[in-house]
């Protein structure tokens, strides 16, 4: 990516961002959990495209494989197992006060984050423009992530395996039907 | 592209918060949490481009925790459904004072 992004790049960056935001709005307003899940998959694919455009190709691939591929399939399996695909049975959406509270919180968050967006980044710590793209061109897409992952963040990486093990055991125990239940 | 990424991320996160507060279906609330995690990941990736690839490592760890959280959370929802035969959060109020 050059210093000044090309029109092609800018257009597609905005396109994927707008697709992500529009699909997120549609996702939140769907009554049926299945169509909500499908719209969330659209959001995740748009985000994967944005990751690739931001020189994080490895993260983009992982996003498609893990998030859109694995996590959403688990969600759809649970919807299928509990037979929740019929929107008519579910009186959805909370009352007026909850909606007002949600609107206030949403507006507050948007205002706060807009202020953050406008703030300048600390110049001494920033990398030169186009550094990430050069790094990917020189070392490939995975090495820039793998380096810090197995040096500075090795302990966090190892602890992650314990978290996953605990989650697996917890999910099995919670999901198991008790022997004396019936 | 940093400002644009932060803008998209802010909007997506706020949509997730609004979804958590307004929806009553536990599974959709859970998916809104995933949307919020995704919005934060976009921020990490955008900053990783400016401050170095360490941010992408954080995205990696967030995704792992999200996978673990999805597994445990959905198991809780299944256990809840077995007891109460509903995923409507309005009817799940055992801890309400």
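Chains as they are written, first to last, in my numbering: chain A, -13 to 168; chain B, 543 to 639. Just so you know, even glycine gets a beta-carbon here, dropped at the ideal spot from N, CA and C.
Annotation for residue 590 of chain B: the continuous alpha helix (DSSP H) segment containing it runs 568 to 593. Residue range -7 to 15 is occupied by the alpha helix (DSSP H) that includes residue -4 of chain A. Sequence-distant Cβ neighbours of residue 53 of chain A in its own chain, meaning closer than 7 Å and more than five residues away, are 30. Contact annotation: in the stretch 572 to 599 of chain B, residues whose CB is within less than 8 Å of a CB in chain A are 572, 573, 574, 576, 577, 580, 583, 584, 587, 588, 590, 591, 592, 593, 594, 595, 596, 598, 599.
When rounded, the separation of the alpha-carbon atoms in residue 2 of chain A and residue 26 of chain A is 14 Å. The beta carbon of residue 634 of chain B does not come within 8 Å of any beta carbon belonging to chain A, so the residue lies off that interface. One finds nothing in chain B with a Cβ atom closer than 7 Å to the Cβ of residue 35 of chain A; even the nearest lies about 11 Å away. With respect to the C-alpha of residue 560 of chain B, the residue from A:65, A:42, A:95, A:-1 having the closest C-alpha is A:95. Counting only runs of 4 or more residues that sit fully inside the stretch 135 to 164 of chain A, the alpha helix (DSSP H) segments are 140 to 161, in chain order. Closer than 8 Å to the CB of residue -1 of chain A there is at least one CB belonging to chain B. With 16 or more neighbouring CB atoms inside 10 Å of its own CB, residue 600 of chain B falls in the buried class. Rounded to the nearest whole angstrom, the C-alpha separation of residue 34 of chain A and residue 635 of chain B is 37 Å. Residue 617 of chain B is a Cβ neighbour of residue 156 of chain A, given a cutoff of 8 Å. Within 10 angstroms of the beta-carbon of residue 19 of chain A lie 16 or more other beta-carbons, which makes it buried. One finds nothing in chain B with a Cβ atom closer than 7 Å to the Cβ of residue 54 of chain A; even the nearest lies about 10 Å away.
Looking at the backbone, the Cα of residue 577 of chain B and that of residue 123 of chain A are separated by about 31 Å. Here residue 568 of chain B is not near residue 153 of chain A, since their CB atoms are 8 Å or more apart. Residue 41 of chain A and residue 130 of chain A have their C-alpha atoms spaced approximately 11 Å apart.
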